Every structure is written in structure tokens, then in C-alpha cells.
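Numbering (full-length UniProt numbering), first residue to last: 1 to 403. All remarks here apply to the structure that follows.
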């Protein structure tokens, strides 16, 4: 991947002032970093600043919320996006997870202050008025921190997993807990929803991945027992060419939508494990450079996984030599914290505050700015909007122009 460009986190504010400056840098692998600056020469009649770059950098295009900069010497460029909206009143401490409902109307997030809340995605408002009753949608019931939260496909129900080793299902309408799943012996670190949501998968610190029946709040089986923390899980439909194996026992009639699906496990012991969701049979095992923190499917045969030492591995499940990645992306040594399939590419976030969008048909990365070296823990999308949550306690929403 091309040498990454970095920019001052509050560049949009800094460049709104006459003669305002923001620093800029380029980091080619194996070479000395290049440093420069951007300077505002004045504000145009349209409200857009006129910006020049110091030697070695070029401003290609600028708008109120974005600036496209290149470094010709390294033949690299990036488009930096400032947040369209910042929600600062939802949580008071580090925000560890978030998701956006399928209709784009609601968000859910969890924080290290122990809270989990549902809010309006348009304005961050927590309160909702229904029949003259004002509800504050705070989801209370986990004993310790909530590690993960996500909406079911309906957008009306939320799944959460906590350090108390419990999974819970909540009504997004009135914030009541409608089901609790118990069985894990360690904190739950990630979840995945199978198909429309009659079954869900959880990964835990206890080293197991489990399949659950939501209707009966019952465990349908241990899918994998790794002996190592499972930091991330993903479920995806398998390409027809992939042999997922056959189940040793007849699947329960309560298993719905598990056929022809793969389960991907990002493990603390540097292993990335893939198995047939229904068959429980191994598909492949890949050993990386460090602990795997997150994973996602790009297609029925391509997948991505991110490590603690900053590597993003792209792998092809069909490849006979699965030990060789299709490519490895390394922008910095900061941990990969979140990976999300997005259009013709993906969005990644790291522990150094960087968050970037990679698309097949773009020869530059889109950088989501604002986090000043604070880890960006999770990313969620709805149409052209991208939401991020960060250790600084802020939720940020970015608006993408046409890609």
C-alpha cells in the first residue's frame, strides 16, 4: 500500500482562520518521514478556505469538510474528512462499541463508564416521546462493562455481550431486556448474527465460540474451543467452490440459516480460524504475526483480519496455499481494532487514532480525522454515513461524497 499521509487532527478548525496552519506528514515504509504544513491564505466567498501546502506536498482539492493532499515524491495522496457531526453528550468516558440500525435511524453504543445507550442517529438524542411518555433508552442489566453491542437486522432489537459472561437481547423501543443467555465462563468479546437473527454466535475470553437459539435463550452448541481468547467473530456466506465439510451429527431443528455459512475467529494466540458454521469442520487455520483482534468477510471467499502489531491480512479461502496472504497492509504498528466490509473495499480503525477507507477503484485512501492519537474502537455505516467511537468519549459522524 502507498505511503500513508497524516494530518493534524483538528485541521478543519485550524485552516478556517487567516494564516492558520496545520501540520502534515508522509511516512514511506523503510524511509525517513517527510514533514510539511498547510496554510490558510484566506476564506473564499463560498466559505471554503484557500490553502497552500509547503514544499513536497500539493493541495489537490478542498471543501468545507474535506481536503485532498498529495506527496508527489512518494506518488501518494489521501483525502482527509473532518467529522460532519460530533456527539459529545451520549457518554462521559471512552466509547468501546457502536452500531447503527438497518434503517439508519438509531444508534447503540457502550462505554467504559458501564453504560449502554440507544440514541437517534441524526442528532444523538437519547430521549424519545411516545404517547406523551418520555423514554430515556439506557440499557441496564449487565454487571460489568459491555464489550460489544449490535442491532439485529430488524433494527428493533439489540444484542450485547459483557464482561459478566452474559449475552442479552434488548428491545430498542423501550430498552427492556427480553432475554439473557448464560453459559460462557469468561467475558464475551464479540458477536455475530446469523441470517435474520434466530441464531447468534458469541466469542469469549474463555476460548469458546457458541451458537445460541434466541427463541429459547439456549446454547445450541460449542462451535470451537480454542484454549485462547476469541477477540473477534464474523459469519459469512461461503462461495460454492469451498468445501465446508459435513456435520458429524444432525443439526438441531432450532438451527436456522447456518447452512453454507463460514465462521471466522480472530484469536489471541495469533491464529485466524475458519470453520463451517453448520458442519463445525475446519476450513483453514492461518498463523499471523501477532494476536488477531478483528476480522470480516469481503466476499464468499475473501476475508480480512487485523492484528495487534498493525497488520491487515487479506486471505483467499479458495487458495490451495492458504498460508500465503493475497496481500498484507501495514501502515503503522498500532493495533487494528475494527474492520468493516464497505462497498468495494473496507474501513479500518487503529489504536493510534487513524481510521481509513480503502476502495478498489480509488487510488487514494480516505482518512477519517478528528481523533487525536486516541484509539478508534469501532466503525459502523449507513449508506454514505460513517460513525466512529473513540477513547476520547466522542461519537463522530462523517458524510461521504459520491465514491
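No residue lacks a Cβ here, since even glycine has one placed at the ideal position from N, Cα and C. Quick caveat, the model's predicted, so the values are computed rather than measured.
Cβ-Cβ distance between residue i and residue j below 8 Å
{"i": "residue 230", "j": "residue 203", "result": "yes"}
{"i": "residue 167", "j": "residue 191", "result": "yes"}
{"i": "residue 3", "j": "residue 74", "result": "yes"}
{"i": "residue 408", "j": "residue 49", "result": "Past the edges of the chain, shown from 1 to 403, lies residue 408, and the structure says nothing about it."}
{"i": "residue 395", "j": "residue 124", "result": "yes"}
{"i": "residue 108", "j": "residue 143", "result": "no"}
{"i": "residue 292", "j": "residue 307", "result": "yes"}
{"i": "residue 337", "j": "residue 294", "result": "yes"}
{"i": "residue 76", "j": "residue 5", "result": "yes"}
{"i": "residue 331", "j": "residue 314", "result": "no"}
{"i": "residue 115", "j": "residue 94", "result": "no"}
{"i": "residue 283", "j": "residue 301", "result": "no"}
{"i": "residue 148", "j": "residue 161", "result": "yes"}
{"i": "residue 64", "j": "residue 42", "result": "no"}
{"i": "residue 207", "j": "residue 225", "result": "yes"}
{"i": "residue 227", "j": "residue 205", "result": "no"}
Residue(s) in a DSSP beta bridge with residue i
{"i": "residue 37", "result": "23"}
{"i": "residue 271", "result": "287"}
{"i": "residue 143", "result": "Paired residues: none, contrary to the question."}
{"i": "residue 49", "result": "43"}
{"i": "residue 341", "result": "346"}
{"i": "residue 222", "result": "210"}
{"i": "residue 399", "result": "385"}
{"i": "residue 190", "result": "203"}
Range covered by the alpha helix (DSSP H) that runs through residue i
{"i": "residue 360", "result": "Taken as a continuous stretch (DSSP letters only), residue 360 belongs to no alpha helix (DSSP H), as it is neither H nor E."}
{"i": "residue 14", "result": "11-14"}
Boundaries (first-last residue) of the beta strand (DSSP E) holding residue i
{"i": "residue 314", "result": "311-316"}
{"i": "residue 120", "result": "116-120"}
{"i": "residue 168", "result": "166-171"}
{"i": "residue 330", "result": "327-330"}
{"i": "residue 345", "result": "345-350"}
{"i": "residue 154", "result": "Premise fails: residue 154 is in no beta strand (DSSP E) and is neither H nor E."}
{"i": "residue 61", "result": "58-62"}
{"i": "residue 257", "result": "Here residue 257 belongs to no beta strand (DSSP E), and DSSP marks it neither H nor E."}
{"i": "residue 201", "result": "199-204"}
{"i": "residue 70", "result": "66-71"}
{"i": "residue 390", "result": "385-390"}
{"i": "residue 98", "result": "95-100"}
{"i": "residue 6", "result": "5-7"}
Residue nearest to residue i in terms of C-alpha spacing, selected from the options
{"i": "residue 7", "options": "19, 66, 255", "result": "66"}
{"i": "residue 262", "options": "251, 276, 99", "result": "276"}
{"i": "residue 347", "options": "248, 377, 319, 326", "result": "377"}
{"i": "residue 256", "options": "291, 197, 239", "result": "197"}
{"i": "residue 233", "options": "248, 64, 193, 239", "result": "193"}
{"i": "residue 174", "options": "76, 140, 13", "result": "140"}
{"i": "residue 36", "options": "21, 48, 253, 43", "result": "21"}
{"i": "residue 137", "options": "118, 41, 236", "result": "118"}
{"i": "residue 121", "options": "243, 155, 145", "result": "155"}
{"i": "residue 72", "options": "59, 83, 82, 84", "result": "59"}
{"i": "residue 164", "options": "78, 153, 181", "result": "181"}
{"i": "residue 304", "options": "237, 216, 329", "result": "329"}
Distance cut-off 7 Å: residue i Cβ against heavy atoms of the ligand SAH
{"i": "residue 398", "result": "Ligands in the displayed structure: none, and consequently the ligand SAH is not present."}
**Message:** If contact is defined by three or more beta carbon pairs under 8 Å, each pair taking one atom from either stretch, is the segment 47-55 in contact with the segment 363-370?
**Reply:** No contact exists between the segment 363-370 and the segment 47-55.
**Message:** Across the segment 369-382 and the segment 91-103, are there enough close Cβ pairs to call them in contact, namely three or more that are closer than 8 Å?
**Reply:** These segments touch.
**Message:** Taking contact to mean 3 or more Cβ pairs, one atom from each stretch, closer than 8 Å, check whether the segment 238-258 and the segment 284-295 are in contact.
**Reply:** Counting C-beta pairs with one atom in each stretch, the segment 238-258 and the segment 284-295 have fewer than three that are closer than 8 Å, which means they do not touch.
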